[in-house]
Amino acid sequence: MTATAGAIGVIGAGAVGQSVAMLLTAAGWCESVRIVSRTGVSAQALVTDLEDMCQVVASPVRAVDAADAGQLVSCEAIVVCPRADFTNTARSDVRMAGLNANAPVIADLARSLAHYQGLVVMVTNPVDVMARLFAEVSGCPRVYGVGSNTDTARYRIALAHLLGVPVEAVEGHVIGEHGDQAVICASATRAGGLPVPVPVWRVREELSARPARINAGLGRTRCGPADAVIAALRAGLGLDDRVVELSVNHEGRWRGIPLRFTAGRPTVSLPSLDAAEARQLAAADAKLRNAYQPLARLYVAACPSRKEKTAVTRTATRIATATQAATVTSNSNSTVVTEWALRYFGPWWNATGTTADDSPQVIADVNPGKVTEIAQRVADDSDDETVYANSAMLLARDGDGTVLASQPEDKLAYRAEPGGPLHVYGCEDVPVALAAARLAREVVRGRLLADGWSILHASAVVRDGHTVLTLGDKGAGKTTTALLLARVGWKLLANDRVFIRPDGGRLRVLPWPSAAAIGLGLLDALGWYDQVRERVQRGERLHPTQHQKVTDALHSGSRTPLWKESGKELKPQFFPDQLATWLGLTLATEGHAARILFPRITPGSEPALLDEDRRVRSGDFFTVGTEDRYPDVFGLLRDDSPGTEPLLELLDALPRHTLSLGHDVKANSDLLTQVAGPAT
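Residues are numbered in the numbering used here as their position in the sequence shown, beginning at 1, plus a constant of 4.
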């Protein structure tokens, strides 16, 4: 057989390492297998055994023993399956028992393979935690943990036996943790293409019993995990197009999920989950996160400086609106940060990928070591505390004006030097991407305010450049009015706040890019609930700031509004681009104010115009002093911005209407169309 892959490295010559090496050697599709073991003796013995097998089966694969893991850097892929010396006496959570014993072994290997660019397949338990540890210590971009693939195979076998059907007829997945809190996706399971009742408790018993029977008779599981490794290798190297359940960093959480590989490129292929399964997955995420955190403090923050190892790829996104712009640059190996900025700002502002230069305004990196360093300095010298983007923030200021900040709950740290770029560091790429987008918007905001713009608390829709502004207190119906008009053909410019400035006798309006919050009841009333729920059940994700209760409600089909104890409604949170792709709305990038609406939601009433002369007031504007969500902790906003009086005069000159809206969507839309003018 002609080799289709180069060298494959195997670290660990125990039960699984032996089985993987044997399968690779016998199959003949790789050029060579390089074995590393802790003492070297078992690696040499395994190579000798493999050489005998090669001669018997006429395999062209060469078996080679390597002195240490560092000699595997030229391999196309590396399988990591060593096991520390410890006695596992656990009767439950068996795989997690190796956490503290195996962690230093994996961390050492990760340091010796820092920035290896090939494929890494992790086998050592607890595999989900060890895969994350290896990835974050090493900086390797493609690390996958096996475990959920074996669980899925066992699930299909067990269910086939219980139902009396062929295993090939069963379609179903086990995701989340490779352990006691594995999530059986029973609601999405099919047999022969049809939904089937799944006796979950009996299946769980068998998922525990199968490895126990193997261990009792053989001492270690080997064949099933080894073949899961082969499946991961062939898919990840582009030799097979298939779905494999692997542990991977998905939206900032390391968990086992189905990945569909095409020519070596993975895409997430999550099954739909019901509310109970979604809660189980959240619990598994929490368990894995809690298990990992002590390891991160011990090993990740202490790992060598990555820039000392090798140069990292820098990516950048430039965002611009009106005459102002900012650039987000990331020195991380992941492109999540800059792609996030591209997605977040693209629909409303102009966002483009660009070449990283030496003058970015925001530099955002995944760097746990920096998070720890800055957090410690802030804890020692903190002189202020505030709430920024709904999360507690501690602040410290150096004598030269440098601002250091820490958000412990989000594991984020910031550094802002006078006249220099803003640095944000985090432990996971999604929180870093969120923070970078907020900072970039604040940079542009500061420049727009310095250029004479103000921020008005309003929603806005546009037709032919003419903008209808909707103002009012919280709960007045600003978002409802904008969505009703956007639903009948207007372009949505903003759902909560806008930039506004005099422009040749008119008022020019720009959007404020942000996630759009739409309540469950409103989502249902506007006819969008079912299509949103279907997407969520397919595994597509709304904005990560969305509360888990909202996600659970969408999975279960609940349309009942949800509330915090504080009285604030919990709502689905949409990315800007999802307003177009999920809801079918058209977005606008700017307009000129032509009319003002002051709605009021009155349940049970007929929509009607009211004989009231509500006017725009200074309290309808956001200023440096009144900003509640994004206080100016980094000194980006001017205190001497122009007053609102000139704007108020121009706004007073616009046609304005005060109106009452009920809960009848058609009647509301008819009145709004009459007042605002028909959409074209």
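Don't be surprised by glycine CBs; every beta carbon is placed ideally from N, CA and C.
If you compare the alpha carbons of 44, 325, 660 with that of residue 72, the shortest gap goes to 44.
For residue 105 and residue 111, the gap between their C-alpha atoms comes out near 11 Å.
When the five nearest sequence neighbours on each side are left out, the beta carbons in the same chain lying within less than 7 Å of the beta carbon of residue 352 are those of 515, 517, 580, 591, 593, in order along the chain. Here DSSP, grouped into helix, strand and coil, assigns residue 177 to coil.
For residue 31, the enclosing alpha helix (DSSP H) stretches over residues 19-31. The beta carbon of residue 295 lies closer than 8 Å to those of 100, 103, 130, 133 in the same chain, with the five residues before and after it left out.
Contact check for residue 454 against residue 502 fails: the beta carbons are separated by 8 Å or more.
Per DSSP, residue 495 lies in no alpha helix (DSSP H) segment; the continuous beta strand (DSSP E) that holds it begins and ends at 495-498. When C-alpha distances from residue 596 are compared across 64, 466, 681, the shortest belongs to 466. Look at the segment 130-199 and you find these whole runs of beta strand (DSSP E), each 3 residues long or longer: 146-149, 178-180, 186-188. Under the three-state reduction of DSSP output, residue 217 falls in the helix class. Between residue 420 and residue 341, the C-beta spacing is not below 8 Å. The three-state reading of DSSP puts residue 484 in helix, counting H, G and I together. For residue 669, the enclosing alpha helix (DSSP H) begins and ends at 669-680. For residue 431, there is no enclosing beta strand (DSSP E), as DSSP marks it with neither H nor E. Between residue 536 and residue 576, the C-beta gap is smaller than 8 Å, which places the two residues in contact. The criterion of a C-beta distance shorter than 8 Å is not satisfied by residue 249 and residue 234. For residue 461, the three-state secondary structure derived from DSSP is coil. Per DSSP, the beta-bridge partners of residue 418 are 409, 428.
Of 542, 551, 495, the smallest CA-CA separation from residue 521 is found for 551.
Counting along the chain, residue 616 sits inside no alpha helix (DSSP H), nor does DSSP assign it H or E at all. When DSSP reads this structure, residue 605 sits in a beta bridge with 665. Around the CB of residue 653, fewer than 16 other CB atoms lie within 10 Å, so the residue is classed as exposed.
For residue 244, same chain residues with a beta-carbon under 6 Å away, outside a window of 5 residues either side, are 238 in chain order.
Per DSSP, the continuous beta strand (DSSP E) segment holding residue 10 begins and ends at 9-15. In the structure shown, residue 280 falls within a helical segment according to DSSP collapsed to helix, strand and coil.
Per the C-alpha coordinates, the member of 91, 23, 86 positioned closest to residue 108 is 86. The beta carbons of residue 559 and residue 279 sit about 5 Å from each other, so the pair counts as a contact at 8 Å. If you ignore the 5 residues before and after residue 523, its C-beta comes within less than 7 Å of the C-beta of 565, 573, 575, all in its own chain and listed in chain order. Straight across, the Cα-Cα distance linking residue 173 with residue 670 is about 47 Å. Annotation: residue 401 to residue 678 spans about 55 Å, alpha carbon to alpha carbon. Sequence-distant Cβ neighbours of residue 75 in its own chain, meaning closer than 8 Å and more than five residues away, are 38, 40. Shortest Cα-Cα distance from residue 386 to any of 408, 289, 555 involves 408. The count of Cβ pairs closer than 8 Å, one atom from the segment 179-188 and one from the segment 284-293, reaches three, so the stretches are in contact. At the C-beta level, residue 397 and residue 411 come within 8 Å of one another.
Counting along the chain, the unbroken alpha helix (DSSP H) around residue 344 starts and ends at 340-349.
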